[in-house]
Amino acid sequence: MSTTRNIPDRLRSPLERNLKSWETLLLLVAIGIFVANSFASPYFLDAWNLSDATFNFTEKAMIAFAMALLIISGEIDLSVAAIIALASTAMGAAAQVGVGTEGLVLIGLSVGLACGAFNGLLVTGLGLPSIVVTIGTMSLFRGISFIILGDQAYRGYPSDFAYFGQGYVWWVISFEFVLFALIAVIYAVLLHLTNFGRAVYAIGNNATGALFSGIRVGRVKFILFLLTGLMSGVAAICLTSRLGSTRPSIATGWELEIVTMVVLGGVNILGGSGSIPGVVIAAFVMGLVTFGLGLLNVPGIVMSIVIGALLIGVIALPRLWQMWRH
Amino acid sequence: MKRRTFTSLVAGLSIAAGMMGSTAMAQDNMRIALVVKALGIGFFEAAAEGAEEAAAELGGVEIIYTGPTDTTAEGQIEVINSLIAQRVDAIAISANDPDAVVPALKRAMDRGITVISWDSGVSEEGRQMHLNPSSTPLIGNTILKLAADHMPDGGDVAILSASATATNQNAWIAAAEEALPNYSGVNLVATVYGDDLSDKSYREAQGLMASHPNLKAIIAPTTVGILAACQAVTDSGKIGEINVTGLGLPSEMAGCVDSGATESFAIWNPIDLGYSATMIAHSLATGTAAGPGAEIPMGRMGSVTLDDTGTAAMADPFTYDSSNIDQFKSIF
């Protein structure tokens, strides 16, 4: 007994692995926030209020899923909020000349895709660093909106266009929430169950290795930029529909909130690891925290501090745990 | 070890919950939310002060002073959603975007919340009424009166405006010209445009002094122009000869009032505005009907009558001079 060395004959059991995962920790945090909110405000546990609260994160989360894949592959897109502005401006301009709802949706998605393709071409075609490219296109896309609109606003969208951001599928379940859930499932399948998803992880861990293993790195990355642009277009449709108007300042500052959501969801900012369920839970955590604090009329600046502390806390906790064990 | 972490996590959360729970408020008060463009702006802090004054006067009213961190419509919508969830009795908002907040405010009204806008308005379908700080005729008359008050024998005045296409300024100047016959002996000799640029406004003011030697007053209905004109008068040593007046911000104009280049100037008073908005919100929430022609009381500020678009003007712009500038210069 005393002379034998303890060599593990198997990996950690699936149950143990799940219990110790990031997602479990995050889920506990989410449940904790939910419980704390129910105690803190008598208005929290109300179906309509909770439904309203989901609007705080659904649009951002749609982009966060695509952003998660992009960050796992080792790239980033900071122009997403600016793409929303440009797509929304294009839809607004089209609505002025009488384009119908189907046309507006098509335009929103196309502008998103085109912006994503532009980012993707600069990054994969010219080999430029994505953070620099997308900081540039962030100013470019929003700048175009400002040139077109100035201090004016587009309104007068068709009345059925309002359904995307203000409609309910069943009782308190909003269209946006259903779309959010659907997109989450699609991205979870794409990342976790397909060859494409494995390629994304491989590129994030070792792009050169992935290239020599026969993965078409450039093409995968280009598709990821396309997807991020497309999701920005989807979010632009939802947000424009919810606001019922477009100004060039629409969705200002969302890029950092989206990246925060992705990182809080356990995606390694340096690439290589992360999961969609983590991002889903992170979206709920951020939505619940902002809504819960809002119910207590906590000033917005304090909310930002809480979100920041939460991000640092959740990231530092596993590291502290490791240091404590050794 | 796992259990210890879990226990401490639960303990921590219950402490947090307990702390949050203790802040739950009394439910009997009428709760009026004053939603501003962004927190941390002196003008709105002053408005909140006025709202508290109204609440104290009314009794049984709780003011929720809130707003987003940045001046964004999305931020205001999140704030509105949380106010709807709390079932506040009334929302009085200075909107970052007249259109984008409409769907959220409509929902608030659907759920029985009184909604008014003040300062920066909301489109008609998103509120029950809008309170403007002042109206075009009131402003036009006031800027002229400020000049006339310090010219007992009459004389020449000139207007230094923003750009020739500025909608607000043109309307005010037209109103001032209309009021001109009421002030005998006052001649309007010129209207020039400084485009709201400091250096251009400064040169235009110099030009006015050169071409009109008998000029007694420069009226600048723009915060940029009034400051530049004050500077031009000071630099040419004509303090006491030419009075600079118009619309300005107390924080910027304090120096001019101290030096005597400006006897008095006007701008809306944010304290009165917050006070009136609260009074109106309270009145509508307790059953007063809003609609074209409706007369709504607002405490010490008198009452307002709504026009066809459900809009009303609070009062004459508030006049600032050496007696009150020190009190207001730190506010906005």
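These protein sequences, in sequence, are chains S and P. Mapping of the first sequence onto this note's numbering: position 89 corresponds to residue 75, and the numbering continues sequentially without gaps. Just so we're on the same page, this note's numbering is the position in the second sequence counted from 1, plus 1. For glycine and all other residues, C-beta sits at the position ideal for the given N, C-alpha and C.
7 Å CB neighbourhood of residue i in its chain, flanking five on each side removed
{"i": "arginine 128/P", "result": "Leu106, Val116, Ile117 and Ser118"}
{"i": "glycine 273/S", "result": "Ala39, Thr40, Asn42 and Phe43"}
{"i": "cysteine 231/P", "result": "Val245, Cys257, Ala262 and Thr263"}
{"i": "alanine 180/P", "result": "Gly141, Asn142 and Leu145"}
{"i": "isoleucine 244/S", "result": "Lys46, Ile49, Ala50, Met53 and Val66"}
{"i": "threonine 289/P", "result": "Ile297"}
{"i": "glutamate 125/P", "result": "Thr310 and Gly311"}
{"i": "leucine 177/S", "result": "Leu55, Gly183, Val186 and Ile262"}
Identified DSSP bridge partners for residue i
{"i": "arginine 32/P", "result": "Glu63/P"}
{"i": "threonine 312/P", "result": "His131/P"}
{"i": "alanine 188/P", "result": "One detail in the question is off: residue 188/P reads as asparagine in this sequence, not alanine. Note: asparagine 188/P sits in a beta bridge opposite Asp157/P."}
{"i": "proline 298/P", "result": "Ser304/P"}
{"i": "asparagine 82/P", "result": "According to DSSP, which records beta bridges pairwise, asparagine 82/P is partnered with nothing at all."}
{"i": "tyrosine 194/P", "result": "Ser162/P"}
{"i": "valine 119/P", "result": "The residue you asked about is not valine; residue 119/P is tryptophan in the sequence shown. Per DSSP, Leu132/P."}
{"i": "leucine 216/P", "result": "Asp157/P"}
{"i": "leucine 248/P", "result": "Ala267/P"}
{"i": "serine 261/S", "result": "BP columns for serine 261/S are empty, so no partner."}
Contacts that residue i makes with chain P (C-beta to C-beta distance below 7 Å)
{"i": "glutamine 152/S", "result": "Pro104"}
{"i": "glycine 98/S", "result": "Correct list: empty, because the minimum Cβ distance to chain P is about 18 Å."}
{"i": "serine 235/S", "result": "Thr73"}
{"i": "arginine 228/S", "result": "Pro104"}
{"i": "serine 290/S", "result": "Thr70"}
{"i": "threonine 75/S", "result": "Those within 7 Å of threonine 75/S in chain P number zero; the least Cβ separation is about 14 Å."}
{"i": "asparagine 35/S", "result": "Ala86"}
Within chain S, the residues that residue i reaches when beta carbons sit closer than 8 Å
{"i": "arginine 88/P", "result": "Tyr29"}
{"i": "threonine 279/P", "result": "Correct list: empty, because the minimum Cβ distance to chain S is about 16 Å."}
Under 9 Å by beta carbon: chain P residues contacting residue i
{"i": "alanine 139/S", "result": "Asp98, Pro99, Asp100 and Ala101"}
{"i": "phenylalanine 161/S", "result": "The premise fails here: phenylalanine 161/S is roughly 14 Å from chain P at the closest Cβ pair, so nothing lies under 9 Å."}
{"i": "phenylalanine 41/S", "result": "Ile78, Glu79 and Asn82"}
{"i": "serine 199/S", "result": "By Cβ distance, chain P contributes nothing, its closest Cβ being about 38 Å from serine 199/S, past 9 Å."}
Cross-chain neighbours of residue i in chain S, by beta carbon under 7 Å
{"i": "asparagine 169/P", "result": "Near asparagine 169/P there are no residues of chain S at all, since even the closest Cβ is about 13 Å away, more than 7 Å."}
{"i": "glycine 76/P", "result": "Gly286"}
{"i": "serine 83/P", "result": "Phe277, Gly280 and Leu281"}
{"i": "valine 80/P", "result": "Gly280"}
Amino acids of chain P, ordered along the chain, whose beta-carbon sits closer than 8 Å to that of residue i
{"i": "isoleucine 287/S", "result": "Leu40, Gly41 and Thr70"}
{"i": "glycine 239/S", "result": "Asp71 and Thr73"}
Contacts that residue i makes with chain S (C-beta to C-beta distance below 9 Å)
{"i": "isoleucine 65/P", "result": "Asn283"}
Distance between beta carbons of residue j and residue i, contact taken as under 8 Å
{"i": "proline 293/P", "j": "phenylalanine 333/P", "result": "Contact flag wrong, Cβ pair sits at about 32 Å."}
{"i": "alanine 170/S", "j": "phenylalanine 51/S", "result": "6 Å"}
{"i": "phenylalanine 127/S", "j": "leucine 90/S", "result": "At roughly 18 Å, the Cβ-Cβ gap does not stay under 8 Å, so phenylalanine 127/S and leucine 90/S are not in contact."}
{"i": "glycine 102/S", "j": "leucine 14/S", "result": "Not a contact, Cβ separation roughly 35 Å."}
{"i": "leucine 274/P", "j": "methionine 315/P", "result": "6 Å"}
{"i": "alanine 93/P", "j": "isoleucine 33/P", "result": "7 Å"}
{"i": "isoleucine 243/P", "j": "alanine 218/P", "result": "6 Å"}
{"i": "threonine 110/S", "j": "phenylalanine 208/S", "result": "5 Å"}
{"i": "leucine 210/S", "j": "leucine 55/S", "result": "5 Å"}
{"i": "leucine 334/P", "j": "isoleucine 58/S", "result": "This structure leaves residue 334/P out entirely; chain P is present only between 2 and 333."}
{"i": "aspartate 63/S", "j": "threonine 214/S", "result": "5 Å"}
{"i": "glycine 68/P", "j": "valine 37/P", "result": "4 Å"}
{"i": "glutamate 88/S", "j": "glutamate 162/S", "result": "Actually they do not touch by this definition, with Cβ atoms about 19 Å apart."}
{"i": "tyrosine 29/S", "j": "leucine 256/S", "result": "With a Cβ gap of about 41 Å, tyrosine 29/S and leucine 256/S do not count as contacting."}
{"i": "valine 206/S", "j": "valine 186/S", "result": "7 Å"}
{"i": "alanine 267/P", "j": "leucine 147/P", "result": "6 Å"}
6 Å CB neighbourhood of residue i in its chain, flanking five on each side removed
{"i": "valine 220/S", "result": "Met48"}
{"i": "threonine 306/P", "result": "Glu296"}
{"i": "asparagine 188/P", "result": "Asp157"}
{"i": "methionine 152/P", "result": "Lys217"}
{"i": "phenylalanine 45/P", "result": "Val37"}
{"i": "alanine 196/S", "result": "Ala188, Ile189 and Val203"}
Own chain, CB closer than 8 Å to residue i, minus 5 neighbours either side, in chain order
{"i": "serine 237/P", "result": "Gln207 and Met210"}
{"i": "proline 304/S", "result": "Trp8 and Leu11"}
Any non-hydrogen atom of the ligand GTP within 6 Å of residue i CB
{"i": "glycine 51/P", "result": "As presented, the structure is devoid of all ligands, the ligand GTP included, so that no description of it is given."}
Counting Cβ pairs, one atom from each stretch, are 3 or more of them under 8 Å apart for the segment 48 to 66 of chain P and the segment 259 to 267 of chain S? no
Count the CB pairs spanning the segment 260 to 270 of chain P and the segment 317 to 326 of chain P that are closer than 8 Å, and state whether there are at least three. yes
Do the segment 271 to 280 of chain P and the segment 249 to 256 of chain P touch if we need at least three Cβ pairs shorter than 8 Å? no
For the segment 187 to 199 of chain P against the segment 220 to 229 of chain P, are there 3 or more C-beta pairs whose distance is under 8 Å? yes
Is the segment 91 to 103 of chain P close to the segment 223 to 231 of chain S, with three or more CB pairs under 8 Å? yes
Report yes or no: do three or more beta-carbon pairs, one from the segment 155 to 162 of chain S and one from the segment 90 to 108 of chain S, lie closer than 8 Å? no
Three or more C-beta pairs under 8 Å: does that hold for the segment 201 to 211 of chain S against the segment 74 to 90 of chain S? no
Are the segment 113 to 133 of chain S and the segment 178 to 185 of chain S touching by the rule of at least three beta carbon pairs closer than 8 Å? no
Any contact between the segment 67 to 78 of chain S and the segment 233 to 249 of chain S? By contact I mean 3 or more CB pairs, one from each, below 8 Å. yes
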